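Participant: Got a structure here, written out as structure tokens. Questions coming.
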Amino acid sequence: MGALDGYAAIVTGASRGIGKGCALELGAAGATVYVTGRTRKDGDAALPGSLEETVREVEALGGRAVGVACDHRDDAQVAALFERVAGDRGRLDILVNNAFLIPPELTSGLPFWETPLSNWDDMIDVGTRSAYVACWHAARPMAAARRGLIVNISSSGAAGFAWHVAYGVGKCALDRITADTAHQLRDHGVTVVSLWPGLVRTERLQQVPNVEQVFDLSGSETPRFCGRAVAALAADADVLRYTGRAVTARHLAEEYGFTDVDGRLPKGPLSHDERADAAKSD
């Protein structure tokens, strides 16, 4: 028996990376996980990973997953996703907003004025607006049931410069979505949290040439570390104490006592709230 047996979850952007890691851990804990992405089959994209592969790996862990091809720029496709889950399961317990569109210029190092204006729409539409849309759909069944968990995958880019102006603005806005949706959903028993990973060894990162010379991987995380944080939150009967906050996967590992898949405890950043808590204790 898993801690999340009978739960229904949606994880957006789960064909690879952090989304896939969240799907694997939620499935392993017993939830039925609906995973979205644009890469249906192996070989459909330049990067490794697909919905088919995620479903296979969840099932290999003893879980159940349903792959749903979805472009999160298309509101009609997103609405159909939530309608499908409602029809299939009659409930929604967990939403993980991980979908994010990464334009090639994101990691180019170029200043914002030398990158296309379209980068703004890329990163704000899928990653910020898409999270708001999914929250809008999830809030109704969760509020009616007076239970639920929404996790928005954010980053320390909300607190300091990282990669690109549009990236930081998008992550900062995502944390504001977390705070304000939590404010209105608290009385309905629904928890909303921003989760900050550290440096994650995603498929994309591992394709960086000479990656170990570019990044210090000694304290990095696997994608499943964030997944373990989400699963721990979902299984916590007192999770509402975290609502509206930005927390790191590392902080939750210390709180709940889990490690990464290799048994290590990654380094991780400090979130806004964790920095404030540390300052109060000094």
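Each residue of the sequence shown is one higher than the one before, starting from 21 at the first, in the working numbering.
All C-beta atoms, glycine included, are put in the ideal place defined by N, C-alpha and C.
This one's a predicted model, so the numbers in the text were calculated from it and none came from an experiment.
Could you spell out where the beta strand (DSSP E) holding residue 12 opens and where it closes?
Facilitator: Within the shown structure, residues of the chain are numbered from 21 to 302, placing residue 12 beyond reach of any answer.
Participant: For residue 72, does the three-state DSSP call read helix, strand or coil?
Facilitator: Three-state DSSP puts residue 72 in a helix.
Participant: Can you tell which of 109, 196, 75 has the C-alpha that lies nearest to the C-alpha of residue 152?
Facilitator: Measuring from the Cα of residue 152, the nearest candidate turns out to be 196.
Participant: Closest to residue 303 by C-alpha separation, out of 51, 149, 269, would be which residue?
Facilitator: Since the first residue of the chain shown is 21 and the last is 302, residue 303 is not available in this structure.
Participant: Going by the DSSP bridge assignment, what does residue 260 pair with across the sheet?
Facilitator: Note: residue 260 sits in no beta bridge, so no partner.
Participant: Let me make sure I understand the geometry here. Which of 89, 278, 289 has the alpha-carbon closest to that of residue 45?
Facilitator: Ranking the options by Cα distance to residue 45, first place goes to 278.
Participant: On the criterion of 16 or more Cβ atoms from any shown chain inside 10 Å, does residue 158 qualify as buried, or is it exposed?
Facilitator: By the neighbour-count rule (16 or more Cβ atoms within 10 Å), residue 158 is buried.
Participant: Can you tell me which residues form a DSSP beta bridge with residue 118?
Facilitator: Paired residue(s): none; residue 118 is not in a bridge.
Participant: For residue 26, count neighbouring Cβ atoms within 10 angstroms of its own Cβ and tell me buried if that reaches 16, exposed if not.
Facilitator: exposed
Participant: Measuring straight from C-alpha to C-alpha, what distance separates residue 165 and residue 203?
Facilitator: 17 Å
Participant: Tell me which residues share the same chain as residue 225 and place their Cβ nearer than 6 Å to its Cβ, disregarding the 5 neighbours each side in the sequence.
Facilitator: A caution first: residue 225 carries a pLDDT of 49, below 50, which makes its placement in the model unreliable, though a value can still be read off. Nothing meets the Cβ criterion.
Participant: Do residue 52 and residue 109 have their C-beta atoms within less than 8 Å of each other?
Facilitator: Yes, they are a contact pair.
Participant: Does the beta-carbon distance from residue 239 to residue 286 come in below 8 Å?
Facilitator: yes
Participant: Residue 134 to residue 192, Cα distance in whole Å?
Facilitator: 22 Å
Participant: Return the residue from the list 116, 208, 132 that minimises the CA-CA distance to residue 28.
Facilitator: 116
Participant: What's the C-alpha gap between residue 144 and residue 111?
Facilitator: 29 Å
Participant: Could you give the residue range of the alpha helix (DSSP H) that holds residue 194?
Facilitator: Its alpha helix (DSSP H) spans residues 185-205.
Participant: Among 140, 246, 168, which residue has its Cα nearest to the Cα of residue 256?
Facilitator: 168
Participant: Can you name the start and end residues of the alpha helix (DSSP H) that residue 105 belongs to?
Facilitator: Residue 105 -> alpha helix (DSSP H) spans 95-109.
Participant: On the DSSP bridge list, what partners appear for residue 54?
Facilitator: Note: residue 54 sits in a beta bridge opposite 30, 86.
Participant: What are the boundary residues of the beta strand (DSSP E) that includes residue 169?
Facilitator: 169-173
Participant: Counting C-beta neighbours from all protein chains within 10 Å, is the total for residue 254 16 or more, i.e. buried, or is it exposed?
Facilitator: buried
Participant: With distance defined between alpha-carbon atoms, name the residue in 88, 71, 280 nearest to residue 246.
Facilitator: 280
Participant: Whole-angstrom Cβ separation of residue 56 and residue 34, contact assumed at under 8 Å?
Facilitator: 6 Å
Participant: Just how far apart, CA to CA, sit residue 102 and residue 127?
Facilitator: 33 Å
Participant: Within 10 angstroms of its Cβ, does residue 149 collect 16 or more other Cβ (buried), or is it exposed?
Facilitator: buried
Participant: Just list the alpha helix (DSSP H) runs in the segment 145-169, keeping only unbroken ones of 4 residues or longer that don't cross its boundaries, in chain order.
Facilitator: 150-165
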